[in-house]
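Worksheet for the structure shown next.
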Amino acid sequence: MTDELPKKYDHNVSEEKIYQLWEDSGYFNPDNLPYPKSAKPFTIIMPPPNSNGSLHMGHAVFVTLQDILVRFWRMRGRKALWLPGADHAGFETQVVFDKKLDKEGRNRFAMKREELWQEIWNFTQENKKVMEGQLRKLGASCDWSREKFTLDPNIVEEVQKTFIQLYEDKLIYRDIRVINWCPKHQTALSDLEVKYVERTDPLYYIKYGPLTVATVRPETKFGDTALAVNPKDKRYKKYIGQEIEAKGILGPLKFKVIGDDAVDPEFGTGVVKITPAHDANDFEMWKRHKDEIDGPKVIIDERGKLTGDVGEFAGLKVDEAREKVAEAMEKIGILEKTDTDYKHQIATCYKCGRTLEPLPRDQWFVKMEPLAKKAIDVVNQGKIKFHPDRSKKVYLHWLENIRDWNISRQIVWGIRIPAWFHEPKCIPKKGHEDEVKKCKEIIVSIDKPTCEFCDAEFIQDPDVFDTWFSSGQWPFLTLGYPDGKDSKDFYPTDVMETGYDILFFWVARMIMMGLYCTDKIPFKDVYLHGLVRDKDRQKMSKSKGNVTDPLGVADQYGTDAVRMALVIGNTAGNDMVISEDKIRGYRNFATKIWNVARFVAMYDKPEFKNAKIKPTDADKKYLTEIQATQEEITKHIENFEFHLAGEKIYHYFWHTFADKIIEEAKPRLGGDDTDDAAAAHKTLREILFKCLVILHPFMPYVTEEIYQTLSQDMKTQKLLMIEKWQ
RNA sequence: GGACGGUUAGCUCAGUUGGUUAGAGCGUCUCGCUUACACCGAGAAGGCCGCAGGUUCGAAUCCUGCACCGUCCACCA
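Residue numbers for the first sequence, in our numbering: 1181 to 1906.
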């Protein structure tokens, strides 16, 4: 060793300096690596963190695992690219920003689109900057020169082109459906964004003339257009096709009774009221019986209040209306009975927990089946592997039962859907007043179209895409697909590492979109990590106040300690627990590494230079042992068993190298036989060097700091980061 | 209603293809400032490996059933 190692390792001094050293070297960019042209690439696209806050422990997990992979493969001679990015995170960011506005006494519904957009833009840019700093602090060896944002102009353009392509391929259609509507956020949500929770509600039995219907939503009765029974139900067979008369709150009613297999004779009374505007099942039933019964009759608005033909109940919120309607029914004697303890699942908004209001709306849908089929095939053929393996089953099950995807969102923050609606009225061109109208109602295009047949204007769809529509294309968009050089060099990527909670949201969509757009799998391996929980096994969340700030503990104990604590005991697909105690334990390990290096450096004596070194049998044994240990660790990392790799090197370094090998070397080092002392020292130096290499992907900072002080004859590179793994 | 995961030392978790006294970290206890490290070292205590069957010469590990905890999926009003 050349430079003196200070008595104590001060991570706060080292980390910033070392990161700067790495970044200045340019080696985060694979193009700059001093590797032969023939070197194979290794690519990971970073899951872009949402640009609406700062990084939490979950992010620290992915940074650690991905950085281990990237550093490992870089040291093994691959042109390693880890491409960072940030996600505009449409709805999620809108929600966060709504809260911010709320605190300031403002409201997005009262703001101009452009104004709101600009404010959110500034907000996300600030967050993005903070996050970039945090990623650096965590030691992320990613290529900043290739950083992307989901709203970069070229990304937006490609996303819109994909939409147009899908539309032309008839894989996107616009249709009216009863969709999941959040009355608080006033936007549609996809099926995945619906959280079902169990609730106990009264089940009302309402008389419809000779029949009785059981329902939890009496307030929707103003939107009823028919009654339905199961055609096989003997009790009610005779009513099918009949029109029955019923007493209603606002006067007498007449309903046709239809027969439909969807009605479960076992439930309630076996008779269902059909409210096509406010229940997805009823809507579907109406579609099957279009000629017989009336369609949607809207009586609930987008704020969840009663509206239209509802008499005195107009303006009431759904919940209030429910009780009042029940009272009114009681009064006129059509409420037969009420079961008060009916347990059922209700659909709620996964963000605010409000009960969703099913509403009929025109939306853009992606036809999923053809896309899903290919995504199923590639996994069945083993072209994409999952870690843990069991995730594959979960993935396949979801894809095999996939439903069409609503990608329209009624918010401002997102990529605008490139669809244009013809103004309701045609404005005939001068001199062509009597020409037959052939105007297209909808044109899908990036630029504003003009009408061939009249002077009316096209107005762009105000909606934006579901964020996952763009992030689903992330692996190839970030690499400049289709024309970019990077997409030729680095696509398909190698590993997708992310949380199991977004297996459907993201991973499945990336596979489908990747196959559709590029005809290639976007990545070969999927590694899914679990959620980080606190020491009481609670999910960490800001609202619970149990979040450990990864940057805070990194400041206190060092990034290396945090990283190690996040690797060990963390198995694929399983949640993990992190506590300060654990981090402290690995801080101690970092100190141990430091002191071992100091000890070895202590004996870096000039007189050893000329010694005749004859390794003893023990020396030879130790060197084979570390060799074997390294091989095992290599296998573990290749198999995505980071926890085993981490444990192994930890155990070896502390309890074999420090506790045994060094202790046994002490008498030799201090003995009179200079040649033997030199031999012992050489063995220690070689083992230390190996350990630094092996430890580097896990604990990059201490190891690099020590490496920088090693004498030239020990190292082959300027940086440990690009030292050869073997 | 389906599917999946967990159940191993006080706590948090490992345990590779079934094989001799079941491992680690933290915690606890007892010693110890011996040539780096007290953010340390030496040593110790602590486990019918959820329950009940089965396969096997042999099971924490494979099979069946059950229990409890957790998660995901599902258009039953």
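We treat Cβ as the ideally placed atom computed from N, Cα and C, and that holds for glycine. If you're wondering where the values come from, they're calculated on a predicted model, not measured in any experiment.
In this structure, A1506 sits away from L1496, with a CB-CB distance that is not shorter than 9 Å. Annotated three-state conformation of E1464 is helix, per DSSP. A distance below 6 Å between beta-carbons, with the five flanking residues on each side excluded, links T1223 to the following residues of its chain, in chain order: L1261, F1670, T1673 and D1674. Runs of alpha helix (DSSP H) with 4 or more residues, each lying fully within the region 1295-1329, are absent.
Nearest C-alpha to K1412 among T1392, G1450, L1576 and L1391: G1450. Burial check for V1377: the Cβ neighbour count within 10 Å stays below 16, so the residue is exposed. For K1436, the enclosing beta strand (DSSP E) has its first and last residue at L1433 to G1439. Put simply, of E1492, Y1384 and V1437 the residue whose alpha carbon is nearest the alpha carbon of L1430 is E1492.
Residue pairing by DSSP places V1374 opposite C1529 in a beta bridge. In the pairwise beta carbon analysis, the region 1350-1358 is classified as touching the region 1540-1553: at least three pairs are separated by under 8 Å.
The closest CA to that of A1240, considering only L1711, T1518, I1512 and D1761, is found on L1711. I1454 and D1569 have their C-alpha atoms spaced approximately 44 Å apart. As computed with DSSP, Q1640 is found in a beta bridge with W1600.
Scanning the region 1646-1695 from its first residue to its last, the whole beta strand (DSSP E) runs of 3-plus residues come out as 1673-1679.
Beta-bridge annotation (DSSP): Q1246 is not paired with any residue. The residues D1855, A1858, A1859 and K1862, in chain order, have a CB closer than 7 Å to that of I1793 in the same chain once the five nearest residues on each side in sequence are set aside. Taken through DSSP and simplified to helix, strand or coil, M1255 comes out as helix. Between F1822 and H1816, the C-beta gap is smaller than 9 Å, which places the two residues in contact. For R1767, the CB contacts under 7 Å within the same chain, skipping 5 residues up- and downstream, are Y1737, G1738 and A1741 in chain order. Straight-line spacing of the CA atoms in P1229 and M1311 works out to 8 Å. From the listed residues M1676, V1193, D1444 and P1382, the smallest Cα separation to S1651 is found for M1676. Just so you know, the alpha carbons of K1259 and E1482 end up roughly 52 Å apart.
DSSP, reduced to helix, strand and coil, places D1705 within a strand of the structure shown. When G1484, V1393, E1472 and P1476 are compared, the shortest CA-CA separation from P1445 is found for V1393.
A1552 is bridged by DSSP to nothing; it lacks a bridge partner.
In chain order, A1636 place their CB closer than 7 Å to the CB of K1605, counting only its own chain and leaving out the 5 sequence neighbours on each side.
Within the same chain, W1905 come within 6 Å of R1256 by CB-CB distance, once the 5 residues on both sides are set aside. The C-beta of M1226 has 16 or more other C-beta atoms within 10 Å across all chains shown, which makes the residue buried. Residue burial annotation: T1380 is exposed, with fewer than 16 other C-beta atoms found within 10 angstroms of its C-beta.
Taken through DSSP and simplified to helix, strand or coil, P1608 comes out as strand. The bridge partners DSSP lists for S1588 are F1645. DSSP links W1361 through a beta bridge to A1368 and E1537.
With contacts defined as CB atoms closer than 9 Å, V1687 and I1344 fail to qualify as a contacting pair. Taking 9 Å as the cut-off, the Cβ atoms of F1869 and M1894 count as close. Shown here, Y1353 sits in a strand according to DSSP, grouped into three states. In this structure, T1330 places its C-beta atom within 9 Å of the C-beta atom of W1654.
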